[in-house]
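Notes follow once the structure below has been shown.
In my numbering, the protein residues as written are 9 to 194.
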């Protein structure tokens, strides 16, 4: 039955790689990867010989959960810090956040020529549009004249923050996949 453990580990490595690739197109690949690892851990008793160690172990899975949470926080905080660094308002910050999420759905068809990166590009465009809309709304609420030029700096920084946060989340997802993949074979 030891051969079955290697088959399961090999399938995990392949599916886990697809989960990491899913992060590029703004899908929750880290969480799917962690779910796969939990499913394998739960099913260990079905295919591992009596007395054999677990595939991952609960300490490894706990650390994996920590990395997944860290990736989400990094992605969120990088966008927030980018907006603030660019001098954006709270409304600009919320506009960038909501715009980034909505842009992944609304603007993705505009980037049909980039099938895998279209969602990321749509999300970045949504971040720009959302930040600009939030800043314009903030100017209007404060009774200022509307100035598109003053919204560009916060929008650019929000987009840079989003891009850096997504890149950091991707690196953490890759690290998570490597750790779990190695542990699956050890």
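Even glycine gets a Cβ: it sits at the ideal position worked out from N, Cα and C. A quick note: this is a predicted structure, and the numbers were derived from the prediction, not measured.
Per the C-alpha coordinates, the member of 109, 179, 140 positioned closest to residue 161 is 140. Residue 49 and residue 71 have their C-alpha atoms some 14 angstroms from each other. Counted as a single uninterrupted DSSP element, the alpha helix (DSSP H) harbouring residue 147 occupies residues 126-149. Around the beta carbon of residue 11, fewer than 16 other beta carbons lie within 10 angstroms, which makes this residue exposed. CA-to-CA, the gap between residue 13 and residue 122 works out to about 38 angstroms. In the three-state DSSP reduction, residue 58 falls in the coil class, being neither helix nor strand. Straight-line measurement puts the Cα of residue 66 at about 12 angstroms from the Cα of residue 191.
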